[in-house]
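Position 74 of the sequence shown, counted from 1, bears residue number 74 in the UniProt record's numbering, the numbering being contiguous throughout.
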Amino acid sequence: MPYPYYPSPHPALGQLREDEKGCRAVASGRTDTPELAPFLVTMAVSVFRMTLLMGFFMGFVMVGLVTSAKFDELFQPSWAFDHLIYEGEQLKLKLDNASGSGFQSKSKYLFGKVNIQIKLVEGDSAGTVTAFYMSSEGPNHNEFDFEFLGNTTGEPYLIQTNVYVNGVGNREQRLNLWFDPTKDFHNYSIFWNPRQVIFLVDDTVVRQHSNLEHKGIPFPKDQPMGVYSSIWNADDWATQGGRIKTDWSHAPFIASYQGFQIDACESPASSVSAADLTKKCTSSAENKYWWDEPALSELNLHQSHQLLWVKANHMVYDYCSDNSRFPVTPEECQHHHH
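Written as structure tokens, this is what we have:
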């Protein structure tokens, strides 16, 4: 069943901000000043909304904002060009026994939000993996992964998420979904700022990775990252630990994409230092970026409840709880739930 309550969308993360709550409380008559005349209530709401809009559009620098762009405005094929089917605003990646396929963003980004709508492989998808992820380059790279692990017909897809920091991963979590991801398009999003990384499915938080540098734990905050997606054969591990192999008689396996959105700080094409890039993409007195809003420093109460609900009802593996793999609990697991 779906998460039981979805509030009106936050401009960034699909959540309701505290200032919007106040506005809607006035609009619905839920105020602490019942003696206020109705026309003043209406006027106050109008002025508040205008101020909110002006503050949002003028007080914050919107960097790299693209809404529901066509594929080729933001991305380009990265391998097996003949296995990509491009249909205007929709793209399909094809996997057969000859090759998989993939694409990547034309630019790299530091902080912001990336969203793609995906409809996963229908029917028997055992052995296949469809991935949507962000990654920097080099052996000490940072990476945020969504990996969709195929399954036999009638069995649920598993989503595996992972976070790499300075080349170190091994932070896998797996969950099943509260809907069939092969029947329609659904939103998969990654939000990232200097204080946290959030993974979202249809605006529901499914994972949070917090900045714990004050505890001596590295956080990915100074490497620009590209956006990538691909489909490939991984039947040595993807389905039931590799026991179920890919049935090529069901090929080609097709993953479909649309709704390409990137609202993030674009890294210059020319090489810049990590310090200069971080400065460019962090709010200052001159430039204010929406991802630096104080409200986005941590999960709000509703988002925390979402994450608790996901962990209680849909999580099937968490590296933090794998004592056989990690006899000593990873340090970040001791400080927060993510």
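All C-beta atoms, glycine included, are put in the ideal place defined by N, C-alpha and C.
Does the separation of the CB atoms of residue i and residue j fall below 9 Å?
i, j, result
"Glu147", "Asn162", "yes"
"Ser267", "Leu74", "no"
"Ile118", "Tyr188", "yes"
"Ile198", "Leu299", "yes"
"Thr278", "Pro194", "yes"
"Pro181", "Leu120", "yes"
"Gln104", "Gly226", "yes"
"Arg207", "Val316", "no"
"Gly112", "Asn233", "no"
"Trp79", "Ser230", "yes"
"Gly102", "Gly138", "no"
"Val201", "Ile159", "yes"
Among the candidates the options, whose CA atom is the shortest distance from the CA of residue i?
i, options, result
"Gln240", "Ser189, Tyr157, Ala251", "Tyr157"
"Ser249", "Lys70, Ser125, Asp82, Ile116", "Ser125"
"residue 350", "Ile254, Val197, Phe132", "No answer is possible for residue 350: the residues shown for the chain start at 1 and end at 338."
"Cys320", "Thr329, Phe71, Asn140", "Thr329"
"Glu89", "Ser304, Tyr257, Ser283, Asp236", "Tyr257"
"Pro224", "His335, Trp79, Ala264, Tyr289", "Ala264"
"Gln196", "Pro77, Leu296, Arg174", "Leu296"
"Ala312", "Leu149, Asn176, Trp79, Ile85", "Asn176"
"Val114", "Gly138, Lys288, Asp145, Gly102", "Asp145"
"Lys108", "Leu91, Leu308, Ser135", "Ser135"
"Asp72", "His83, Glu87, Asp222", "Glu87"
"Glu143", "Ile85, Val205, Lys106, Trp192", "Trp192"
"Lys94", "Thr130, Lys106, Ile116", "Thr130"
"His141", "Val310, Asp235, Trp290, Asp222", "Asp222"
"Asp318", "His83, Glu172, Ile159, Tyr289", "Glu172"
"Gly190", "Phe179, His209, His83, Asp184", "The sequence given here has Ile at residue 190, not Gly. Per the Cα distances, His209."
"Val205", "Asp82, Asn323, Ser304, Ile85", "Ser304"
With H, G and I counted as helix, E and B as strand and the rest as coil, what does DSSP make of residue i?
i, result
"Tyr157", "coil"
"Pro34", "The pLDDT assigned to Pro34 is 40, lower than 50, so where the model puts this residue is not dependable; a value taken from the coordinates is nonetheless given after this. Of the three classes helix, strand and coil, the one that applies to Pro34 here is coil, per DSSP."
"Gly241", "helix"
"Val328", "coil"
"Val310", "helix"
"Gln223", "coil"
"Asp72", "helix"
"Ser8", "Note that Ser8 has pLDDT 36, beneath the 50 cutoff, so the model's placement of it is unreliable and no number is given."
"Ala275", "helix"
"Ser284", "coil"
"His335", "coil"
"Asp292", "helix"
"Pro299", "For the record, residue 299 in the displayed sequence is Leu; it is not Pro. Correct three-state label for Leu299: coil."
"Lys119", "strand"
"Ser107", "coil"
"Ser304", "helix"
"Leu249", "In the sequence under discussion, the amino acid at residue 249 is Ser, which differs from the Leu named in the question. In the structure shown, Ser249 sits in a helix (DSSP, three-state: H, G or I)."
"Ser46", "Below a pLDDT of 50, predicted positions are generally treated as unreliable, and Ser46, at 46, falls in that range; the measurement from the model is reported next regardless. Helix."
Thinking residue i and residue j are a contact (beta carbons under 8 Å), I'd like their distance in whole angstroms, please.
i, j, result
"Val165", "Pro218", "5 Å"
"Glu332", "Leu212", "6 Å"
"Asp96", "Ala251", "4 Å"
"Gly127", "Ile244", "7 Å"
Quick one: what's residue i bridged to in DSSP?
i, result
"residue 341", "Within the shown structure, residues of the chain are numbered from 1 to 338, placing residue 341 beyond reach of any answer."
"His209", "Val197"
"Gln173", "Thr161, Asp318"
"Lys94", "Ile254"
"Thr182", "DSSP output for Thr182 lists no bridge partner at all."
"Thr130", "Phe148, Ile231"
"Gly112", "Trp192, Ala264"
For a test of your reading of the model: does the CB of residue i fall under 8 Å from any non-hydrogen atom of the ligand GTP? Yes or no.
i, result
"Gly127", "Annotation note on the ligand GTP: not contained in the displayed structure, which lists no ligands."
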